[in-house]
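Notes follow the structure.
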Amino acid sequence: MRENQPAAPKTSTERQKEYKARKLADGFKHTSIWIHTETEQEGRQAARDGKPLKPQGSKDPVSWAIGWLNEKGRQ
């Protein structure tokens, strides 16, 4: 009888676990980083101004580059 019943919906925890397993199998790894918001905004502004991706010399080059890339992605 149970064969004909639809499967119970998966919980968000189960879906997250499956998603993580798929990403790992695809060669990704999960990393968290700290982003300096002011420097990220500087990178966004540089992208708006048409400046190249050159974060060297900023307070936090990674934050600057993330801001630049995010802004370019919106354009």
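Every number in our numbering is 14 more than the matching position in the sequence shown, counting from 1.
The C-beta atom is built at its ideal place from N, Cα and C for all residues, glycine as well.
Here the structure is a predicted model, which means the values were calculated and not measured.
C-beta atoms of THR53 and SER72 nearer than 7 Å:
yes
Does the beta-carbon distance from PRO66 to TRP78 come in below 7 Å? no
Open item on the list: Suppose you measure from the CA of LYS43 to the CA of LYS37; what does that come to, to the nearest Å?
Closed with: 7 Å
Notebook entry, point to check: How many angstroms separate the CA atom of TRP48 from the CA atom of PRO75?
Noted result: 12 Å
| task | Figure out for me which residue from HIS50, TYR33, SER26 has the closest Cα to the Cα of ILE91. | result | Outside the displayed range of the chain (15 to 89) lies residue 91, so it cannot be described from this structure.
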